[in-house]
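This report refers to the structure that appears directly beneath it.
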Amino acid sequence: MRKSGQPREVVIGSLLKQRPKEILQLIKALSRLVVDDGKSLITVGNYAHQLKSFLDWSDSNRLHDCLSGGEATRNAYRAWVTETRERYLRQEFGQRAHNNRLDFLRELLEAATGLEALGRGMGKVKETWGPNGGTEPLTPHDFAHGVALNQALFDGLCDLVLEQRPFPYKVELPGTLGWAENHLWLFPINQWRLPPHQWGAEREKLGNSACWAYDYANGRLVTPDAIAHRYMRRYPSAQRGEAKEAIKRAQARIDVANADAHDRCRIMLGMIAHKAFLFLFVCNTAANESVTREIETNGKVDAATSNQQFRSIKFRAGGKTVTLTVPATFMPSLRRFMKLRRYLLQGKNFPYLFFTFGARNESPPTQIGYSPLGSLYENQLCALDPQLPRMPARKLRASVADWYQRHHDASVTAKVLQNTQHTAQKRYDAGSTTDHREELSLFLTSVSESARRQRVIAVKAVAANAPPLEEGGRCDSFGHPEALADNAPVKPDCKDSQGCLFCRHRVLVACEEDTRKVASAAFVMEQVILGPLHEAALRPLIAKCDEDLEKIANFRNCRAMVERVRNDVFENGNLTPFFADKYQLFLELGVIA
């Protein structure tokens, strides 16, 4: 490994004579991924990363002929598959990383050596893509709060850098933060802001790096007497002198920043505004992260344009060209961003709409990479609101999709997302946890309302011509279904046994036989639930069975009998013959594990 600040040392004698030609073939294979397959440079970089890992691993395991083709390459690849599998089982990485290590390397080795079917018999891990219906969107409150917070940062910081407002500078923030005063005072230092929840004990932990000369609560410099006690000197006069020096340095720093339109702190805050706009751009256009990265622009927006459109490339769709439309309401922010972009680039030409200057804003502009909103959340948003959930681009896209799903049909959602309807529903139709709770609550409320209207009779009151039902009870008007309530979760249907549960003509009989039927139905349905779709379909029916058992238990002195039968069904598995056959069928089909 190289030493800090020095290149990696190379042992010339270790060079394999055949390796340069082999590497050349791999370079050509990587190039064809771009030219012929239309893959993005970032994706090709991932291929190259797996290749370097493979070569390091092969050489360290004395498999130096791993690129020579034939059985040598096959053996090296098999050993690589085994190594990858073992690391996956140790949970060093997940399903996708496991399969990428195998697929990326296999494609390169086959292209460079001419081998075929290199991956035959090499088992990959079955990936579970969105088992609960895709990416879960943010709750409406969190989404709106995140948008408001970023809009306030963008507007406030743009005013600061574009209009050269002086420091200390006051930024107004949304009331959803819950602060006593919804604003921040900014200073031209690394600790450029300090939220109210960090003024007390949290600031004390920072020690001297807390920048005690700056009053973040009132937007000014402090007095020497206020901070003299923070300097460890023998005499009070020395402490006060140290405090005066700190305040003097702070004032000098403010004067320099106010005099320089491109001060380093102004550039830093301008880049934060840049990231805040990227957040807002994804929210307003539902743009995919990889598509956003490839948007090119000349930095100009026509004054007459009401809906700006950007064309970009979606590499995962085979290099498909997609068009993103900026809504008219977002156009003022876009025009402001173009001014910010020109300010940050300072005359440099750069083709992409979004860019980065590196970790310290000291490098030439380059294209944004993966998770461009990660640092915005970790360093800015989370500092302002520690309770804010993570908001990556995919989560924002799912939240936009969720809004369109609720207010428009699936075709509109798919058009906005630039996807097919099937993809939009599969990847972005999960719904939030809050939504699921609300919908399930409505279901259970209607179930309870229906159950309260269910009649219970004694055994001796059963009519002779009333046919028995497998879910328990008797029917006193077969062929004429009628709902127990207006909002019953399941429509009554004499052709479907489940339709009897919510029918007005079903009458429960307070006996052990009907109690076992109802409990058996609930038991089997509970075992069949495998995911949210089953949950939504079967939970109301299970809840209705529970309500029916409770009604029988409340009928005269039947509670002890109901508890005994329920335990016998759920603990011992003593079902009625009808439901025992169903349960066995589900086991044989593999529906129940």
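In terms of the working numbering, the sequence shown is residues 3 to 595.
We put the beta carbon where it would ideally sit given N, CA and C, even for glycine.
What are the boundary residues of the beta strand (DSSP E) that includes residue i?
{"i": "L188", "result": "185–188"}
{"i": "L282", "result": "No beta strand (DSSP E) holds L282; the alpha helix (DSSP H) holding it covers 266–287."}
Between the Cα of residue i and the Cα atoms of the options, which residue gives the shortest distance?
{"i": "M563", "options": "E514, E537, N574", "result": "E514"}
{"i": "R305", "options": "P334, T287, F281", "result": "Correcting the residue identity first, residue 305 is Ala in this sequence and not Arg. Of the candidates P334, T287, F281, the one whose C-alpha sits nearest the C-alpha of A305 is P334."}
{"i": "R313", "options": "R92, T307, L336, A289", "result": "A289"}
{"i": "A539", "options": "W214, D550, M527", "result": "M527"}
{"i": "A300", "options": "F352, Y90, P494, H276", "result": "In the sequence on display, residue 300 carries Asn and not Ala. It is F352 whose Cα lies nearest to the Cα of N300."}
{"i": "W187", "options": "P168, T178, R205, G180", "result": "P168"}
{"i": "C285", "options": "A395, T368, L383, I269", "result": "A395"}
{"i": "N48", "options": "R235, C267, M393, L107", "result": "L107"}
{"i": "V46", "options": "N63, Q311, L28, S60", "result": "L28"}
{"i": "S211", "options": "P197, N192, R222, T225", "result": "N192"}
{"i": "G575", "options": "N559, Q529, I544, D105", "result": "Q529"}
{"i": "P170", "options": "N220, K546, E109", "result": "N220"}
{"i": "M270", "options": "K493, K250, E364, D61", "result": "E364"}
{"i": "S308", "options": "V293, P329, R295", "result": "P329"}
{"i": "N381", "options": "L120, P366, L111, R195", "result": "R195"}
{"i": "F156", "options": "Q166, M273, A81, S42", "result": "M273"}
{"i": "E73", "options": "A119, W201, D583", "result": "A119"}
{"i": "L282", "options": "Y90, Q153, L551", "result": "Q153"}
Just how far apart, CA to CA, sit residue i and residue j?
{"i": "L503", "j": "I44", "result": "56 angstroms"}
{"i": "D516", "j": "V567", "result": "10 angstroms"}
{"i": "L342", "j": "L53", "result": "40 angstroms"}
{"i": "L444", "j": "S522", "result": "Unreliable placement is indicated for L444, whose pLDDT of 46 sits below 50; the coordinate value is still reported in the next sentence. Those two C-alpha atoms are separated by around 25 angstroms."}
{"i": "A203", "j": "Y218", "result": "15 angstroms"}
{"i": "V127", "j": "H100", "result": "7 angstroms"}
{"i": "S401", "j": "E138", "result": "8 angstroms"}
{"i": "T75", "j": "S16", "result": "20 angstroms"}
{"i": "E11", "j": "V83", "result": "30 angstroms"}
{"i": "F677", "j": "T327", "result": "Nothing in the structure corresponds to residue 677, since the chain is present only between 3 and 595."}
{"i": "Q586", "j": "E565", "result": "25 angstroms"}
{"i": "I256", "j": "Q241", "result": "23 angstroms"}
{"i": "F359", "j": "T368", "result": "7 angstroms"}
{"i": "N184", "j": "L208", "result": "24 angstroms"}
{"i": "H276", "j": "R338", "result": "11 angstroms"}
{"i": "S597", "j": "Y79", "result": "Since the first and last residues shown for the chain are 3 and 595, residue 597 lies out of range."}
{"i": "L35", "j": "F279", "result": "33 angstroms"}
{"i": "E590", "j": "S377", "result": "51 angstroms"}
{"i": "R558", "j": "E473", "result": "22 angstroms"}
{"i": "D387", "j": "L32", "result": "44 angstroms"}
What is the DSSP secondary structure of residue i, reduced to helix, strand or coil?
{"i": "K584", "result": "helix"}
{"i": "E565", "result": "helix"}
{"i": "T647", "result": "Residue 647 is absent from the structure shown; the chain starts at 3 and stops at 595."}
{"i": "Y171", "result": "strand"}
{"i": "L543", "result": "helix"}
{"i": "V1", "result": "This structure does not reach residue 1, given that the chain is present from 3 up to 595, and the question cannot be answered."}
{"i": "V571", "result": "helix"}
{"i": "R122", "result": "coil"}
{"i": "T368", "result": "strand"}
{"i": "R87", "result": "helix"}
{"i": "V458", "result": "strand"}
{"i": "P470", "result": "strand"}
{"i": "C68", "result": "coil"}
{"i": "C496", "result": "coil"}
{"i": "C502", "result": "helix"}
{"i": "A385", "result": "helix"}
{"i": "N351", "result": "coil"}
{"i": "R80", "result": "helix"}
{"i": "T578", "result": "coil"}
{"i": "V127", "result": "coil"}
{"i": "D550", "result": "helix"}
{"i": "L26", "result": "helix"}
{"i": "K5", "result": "coil"}
Does the beta carbon of residue i come closer than 7 angstroms to any beta carbon on chain C?
{"i": "D61", "result": "No chain C appears in this structure, which consists of one protein chain only."}
Which stretch, first to last residue, makes up the alpha helix (DSSP H) that contains residue i?
{"i": "R508", "result": "Segment 508–511 is the beta strand (DSSP E) holding R508; no alpha helix (DSSP H) there."}
{"i": "Q97", "result": "97–115"}
{"i": "Y379", "result": "Unbroken run through Y379: none, as it is neither H nor E."}
{"i": "F480", "result": "Neither: F480 is in no alpha helix (DSSP H) and is coded neither H nor E."}
{"i": "V526", "result": "514–530"}
{"i": "F56", "result": "43–62"}
{"i": "G158", "result": "142–164"}
{"i": "K19", "result": "It is not in any alpha helix (DSSP H) - K19 carries neither H nor E in the DSSP assignment."}
query = What are the complete alpha helix (DSSP H) segments, minimum 4 residues, inside the stretch 295–348?
reply = 333–347
Alpha helix (DSSP H) runs contained entirely in the stretch 172–243, provided each spans 4 or more residues = 203–207, 226–229
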